[in-house]
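If you count the sequence shown from 1, position 59 lands on 58 in numbering that gives the first Met the number 0, and the numbers rise without skipping. Quick reminder that beta carbons are idealized off the backbone N, C-alpha and C, glycines included. What you are looking at is a predicted structure, and each value in this text was computed from that prediction instead of being measured. For reference, the structure discussed in these notes is given below.
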Amino acid sequence: MVGHRSANMTLEQLESLNAEQKARTVLVVQDPFTSYYDAQVVADFVRLVEKLGFQPVLLPFSPNGKAQHIKGFLNRFAKTAKKTADFLNRMAKLGMPMVGVDPALVLCYRDEYKLALGEERGEFNVLLANEWLASALESQPVATVSGESWYFFGHCTEVTALPGAPAQWAAIFARFGAKLENVSVGCCGMAGTYGHEAKNHKNSLGIYELSWHQAMQRLPRNRCLATGYSCRSQVKRVEGTGVRHPVQALLEIIK
C-alpha cells in the first residue's frame, strides 16, 4: 500500500475532517498475521471500501499481542495490550469506524484485552469486516440472487463467539446478487499457534483431515472463502492452493 492515499493520512489530517467527511471514512486496523503474511487481503479490503464509496485510512501497525497471550506470556501481553489500547482509544475519539479483517485478532480486543486490562482497556471498538459491511450496506436493496454459489468457512473463534456471523456474511453477499453457503466444519488444525509449530505438524494435519480436507475436496476451491489467516494458511499448506477471504470475493463481484 506504499504510495496509496489510504496510508498517507496523519492524525492531524484526520482530526481536521468535517462531520460529513468523517461519516465516509473507515479506519483499517492492521493485524500482524494478515499484514505481514497475507497483505493482499488488507489491500483488497482497502479497495473494497473505496468501491463502496468510502475513504479507507490504513492505521499504523500496532502489535495485537494475541500470540503472547496464547503462549502464556501474560505480563508481556498486558503491556502490549495497554499500549495498543491507548492508541486505539485515541483513534476512537475521531468518531470514525475502525475495522479489522481477521476474526481472532479483532475479537482479542474484546475478550483478552478486557480480561487483561479491565477498566484500563477503555471503550474503543474494532469492528469485524462483516459487521461494518452489514451497517454500511444497510440501505442497499438485496439483488436477485443467481449464479454459482460461494462457500464460507468460518474461523473457530468467530463462529463460537458470534454464531450469527455466517448468516451475516450471506446477507452481505445477497445484496450483490451472490449466494454464500455456510460450510459446517470443525477446527482447521491450526488452533492459534499450535499448527504453526513443527512439533505439532502431524496432529495439526490429523485435525484438518477430520472436516476441512473433505470439504475442500468436495467443493470448487476457487469458490471457497475463509475469514481466518491461519485457516487460509493451513489450506494452502495441505492442499497446495489457497482460498481467499470473503472481502476479496466481494471485490471481484463488485468489479
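Identity of the residue in Pro245, Leu249, Leu250, Gln20 nearest Pro102 by Cα: When only C-alpha atoms are compared, the closest one is Pro245.
Within 8 angstroms, strictly: CB atoms of Thr226 and His154: Yes. Within cutoff.
Selection from Gly185, Met97, Phe123, Trp211 that minimises the alpha carbon distance to Arg23: If we check each option's Cα against that of Arg23, Met97 comes out closest.
With 16 other Cβ atoms within 10 Å as the buried cut-off, status of Gln29: With 16 or more Cβ atoms within 10 Å of its Cβ, Gln29 is classed as buried.
Residues near Ser203 in its chain [Cβ-Cβ closer than 8 angstroms; skip 5 each side]: Only Gly188, Met189, Ala190, Tyr193, Gly194, Gln233 meet the Cβ criterion.
Where Asp43 falls, given that 16 or more other Cβ within 10 Å makes a residue buried: That one is buried.
Beta-carbon gap between Leu104 and Lys70 smaller than 8 angstroms: Not in contact: Leu104 and Lys70 (Cβ atoms no closer than 8 angstroms).
DSSP three-state assignment for Cys230, whether helix, strand or coil: Residue state, collapsed to three classes: helix.
In DSSP terms, what Leu313 is bridged to: Since the first residue of the chain shown is 0 and the last is 254, residue 313 is not available in this structure.
Own chain residues within Cβ distance below 6 angstroms of Glu111, not counting five before or after: Hits under 6 angstroms: His68.
Lys50 to Phe172 span [Cα, whole Å]: Straight across, the Cα-Cα distance linking Lys50 with Phe172 is about 15 angstroms.
Reference Leu132; option with closest CA among Gln12, Gly117, Ala169: The shortest Cα separation from Leu132 among Gln12, Gly117, Ala169 belongs to Ala169.
Cα-Cα separation between Met90 and Lys21, rounded to whole angstroms: Spanning the two alpha carbons is a distance of roughly 12 angstroms.
For Leu272, three-class secondary structure by DSSP: Here the chain covers residues 0 to 254 and nothing more, so residue 272 does not appear.
Assigned exposure category for Arg109 - 16 Cβ within 10 Å defines buried: Arg109 should be labelled exposed.
At least 3 beta-carbon pairs within less than 8 angstroms: the region 123 to 130 vs the region 159 to 168: The region 123 to 130 vs the region 159 to 168: in contact.
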